[in-house]
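First the structure, in the form of structure tokens, and then the observations on it.
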Amino acid sequence: MQHRLADRIFDWAQVGAVHLQAPPYYENVRALVRRSVAGQSTVYLPWGEDTTIIPLVGAEDVSRIAAALLANASVPTQSAYALISETPSVREITEALGRAIGRPIRYVAITDEQWAGVMKERLGLHALDHLSHLWQTFRKGEERYQTTDAIRIVTGRNPQTLEEFFRENAGFFASSSQAA
């Protein structure tokens, strides 16, 4: 992907860059599904089977790592930190969301074309292309994602869980009847 190319460019320049290699954020999931969950209690995404693994991390945890590395010279540093808090399946994501907001959530797999048709008004072409390729990579399931302990090691705190994030953000998923 293009961001990995940017990492390489900084490495070639030998400027001492530290790379935070994060998968999609919990916040990305919220942004992608909040409307359909609020309106229909359904997640429509081109993630394939409900057994597809989607590596995730919370943006707050990534920002804590960045702040700790920038502010504290005594923190052990390496050239790259893989930041994966969880590796849930699509089914586990929807179940965690359902538990957090107190109602069952369905997952409906849609095609890349259906997703792009809906998202083209909300995302720029570059982001749409990037995410479409990312979803294809996840659906193929060729890479085995592993959770990492970098967040705990660098910040001294356990990473936020996806279900904790959903609980803290439950208002984003409230149906119009709940909001009234």
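Mind the numbering: the sequence shown is residues -10 to 169 in the numbering used here, read in order.
A virtual CB, placed ideally from N, CA and C, is assigned to each residue, including glycine.
Is the beta carbon of residue i less than 8 Å from the beta carbon of residue j?
i	j	result
residue 14	residue 69	no
residue 144	residue 57	yes
residue 35	residue 138	no
residue 66	residue 7	yes
residue 155	residue 86	yes
residue 164	residue 28	yes
residue 9	residue 55	yes
What residues in its chain sit with their C-beta under 7 Å from that of residue i, if we drop five residues either side in the sequence?
i	result
residue 159	89, 90
residue 169	Any reading at residue 169 is ruled out, since the residue's pLDDT is 40, under 50, leaving its predicted position unreliable.
residue -3	none
residue 105	117, 121
residue 25	31, 32, 33
residue 92	30
Pull up the CB-CB distance for residue i and residue j, whole angstroms please, since I reckon it's below 8 Å.
i	j	result
residue 30	residue 95	7 Å
residue 82	residue 21	With a Cβ gap of about 11 Å, residue 82 and residue 21 do not count as contacting.
residue 78	residue 126	In fact, because the Cβ distance is near 15 Å, the residues do not count as touching under 8 Å.
Identify, in the order they occur along the chain, each residue of the same chain with its Cβ nearer than 6 Å to the Cβ of residue i, setting aside the five sequence neighbours on each side.
i	result
residue 148	50, 74, 140
I'd like the list of long-range same chain contacts for residue i, defined as Cβ closer than 8 Å, with 5 residues on each side in sequence excluded.
i	result
residue 134	12, 42, 44, 73, 76
residue 131	none
residue 129	none
For the segment 27 to 84, which segments carrying the beta strand (DSSP E) assignment without a break, of at least 3 residues, lie completely within its bounds, in sequence order? If only complete runs of 3 or more residues are kept, the segment 27 to 84 shows the beta strand (DSSP E) at 31 to 34, 69 to 71, in order along the chain.
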